[in-house]
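One structure is given below, encoded as structure tokens.
In my numbering, the protein residues as written are 2 to 271.
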């Protein structure tokens with residue numbers, strides 16, 4: 002589907018510019034061709050050139066039930082996530098649409114989702130750069146994790162760079178920082194994509210390994226991340242009370258290992 006196709010199918014849909022609060026109806030004639038320029042950033046893929054502000058259509062939580070139902074009738078859960086009821090429901094309820102004018106994109110940020118995210122490209126292409134959430138030792142190292150914040154504290158060090166084309170998707174875990182760019186050389190017109198979340202398989206090992214740094218992120222404090230992630234790290238239905246008592250911490254670890262080491266060989270029994 003092209004950007005104009007969405008306007009024809011859902012003329013009453015209401016989206017907004019990603020870096021502004023102005024509401025735009027999908028039926029408006031010029032939104033897919035008239036760029037709203039946003040501030041440039043040298044660390045971004047655009048190399049400091051002003052980018053076109055992308056549009057986001059929050060179908061999942063900012064539309065009427067009638068409009069959301071109309072979109073869902075055209076929506077198909079990807080085959081690789083359509084094998085369980087819990088994923089089917091999450092995918093069908095969490096999607097939003099993104100429209101990037103030629104030269105548009107998003108500055109580096111971390112999403113406010115505690116689940117895994119899929120971004121699938123409908124038309125056009127989008128360049129991506131991603132990096133692991135920075136290692137924050139204390140809350141005093143925290144920074145604005147939304148658009149541009151990681152640039153401002155000089156912590157942007159992307160690990161991956163690639164391009165996603167029509168029919169392709171990228172999947173990334175919670176807290177992974179990313180930026181995007183619809184390079185005008187490859188996108189002469191508006192490109193369309195969607196993002197949504199799914200429940201399982203759940204990246205439990207990833208969360209156990211990096212929970213300490215996520216504890217100092219906005220996901221822990223404002224998105225209930227610790228409520229969801231804590232049990233995977235502590236292997237308890239309810240996380241124990243925090244403590245700095247090293248003897249108590251060691252005792253808890255020995256007790257838990259005793260439960261997990263069924264054959265007493267010093268490792269977790271499969």
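Cβ atoms here follow ideal geometry from the backbone N, Cα and C, with glycine treated the same way.
According to DSSP, simplified to helix, strand and coil, what is residue i?
{"i": "residue 40", "result": "coil"}
{"i": "residue 170", "result": "strand"}
{"i": "residue 81", "result": "helix"}
{"i": "residue 165", "result": "strand"}
{"i": "residue 250", "result": "helix"}
{"i": "residue 57", "result": "strand"}
{"i": "residue 15", "result": "strand"}
{"i": "residue 48", "result": "coil"}
{"i": "residue 26", "result": "strand"}
{"i": "residue 256", "result": "helix"}
{"i": "residue 231", "result": "helix"}
{"i": "residue 144", "result": "coil"}
One question on the structure: do residue i and residue j come within less than 7 Å of each other, judged by their Cβ atoms?
{"i": "residue 180", "j": "residue 109", "result": "yes"}
{"i": "residue 78", "j": "residue 92", "result": "yes"}
{"i": "residue 243", "j": "residue 102", "result": "no"}
{"i": "residue 117", "j": "residue 174", "result": "yes"}
{"i": "residue 224", "j": "residue 113", "result": "yes"}
{"i": "residue 126", "j": "residue 3", "result": "no"}
{"i": "residue 227", "j": "residue 234", "result": "no"}
{"i": "residue 176", "j": "residue 134", "result": "yes"}
{"i": "residue 107", "j": "residue 170", "result": "no"}
{"i": "residue 52", "j": "residue 105", "result": "yes"}
{"i": "residue 57", "j": "residue 19", "result": "yes"}
{"i": "residue 73", "j": "residue 152", "result": "no"}
{"i": "residue 193", "j": "residue 81", "result": "no"}
{"i": "residue 263", "j": "residue 270", "result": "yes"}
{"i": "residue 196", "j": "residue 97", "result": "yes"}
{"i": "residue 25", "j": "residue 38", "result": "no"}
Going by alpha carbons, who is nearest to residue i out of the options?
{"i": "residue 161", "options": "215, 56, 178", "result": "178"}
{"i": "residue 28", "options": "11, 224, 22", "result": "11"}
{"i": "residue 136", "options": "157, 128, 76, 166", "result": "157"}
{"i": "residue 183", "options": "26, 79, 54", "result": "54"}
{"i": "residue 5", "options": "271, 52, 32", "result": "32"}
{"i": "residue 71", "options": "258, 46, 99, 14", "result": "14"}
{"i": "residue 165", "options": "212, 128, 35", "result": "128"}
{"i": "residue 141", "options": "214, 237, 246", "result": "214"}
{"i": "residue 189", "options": "24, 34, 25", "result": "34"}
How many angstroms separate the CA atom of residue i from the CA atom of residue j?
{"i": "residue 249", "j": "residue 150", "result": "37 Å"}
{"i": "residue 119", "j": "residue 22", "result": "25 Å"}
{"i": "residue 159", "j": "residue 130", "result": "6 Å"}
{"i": "residue 230", "j": "residue 115", "result": "8 Å"}
{"i": "residue 277", "j": "residue 218", "result": "Because residue 277 is not part of the residues shown, which for the chain are 2 to 271, the question remains open."}
{"i": "residue 84", "j": "residue 203", "result": "15 Å"}
{"i": "residue 241", "j": "residue 199", "result": "28 Å"}
{"i": "residue 88", "j": "residue 146", "result": "27 Å"}
{"i": "residue 148", "j": "residue 254", "result": "39 Å"}
{"i": "residue 265", "j": "residue 256", "result": "13 Å"}
{"i": "residue 245", "j": "residue 251", "result": "11 Å"}
{"i": "residue 267", "j": "residue 139", "result": "32 Å"}
Taking 7 Å as the threshold (beta carbon to beta carbon), is residue i in contact with chain D?
{"i": "residue 15", "result": "Judged by its chain identifiers, the structure shown contains no chain D, having just a single protein chain."}
Output the residue ranges of the beta strand (DSSP E) runs that lie fully inside the segment 179-224 and measure 3 residues or longer, sorted by chain position. 192-199
Give, in chain order, every unbroken run of the alpha helix (DSSP H) that is at least 4 residues long and sits entirely within the segment 81-140. 86-95
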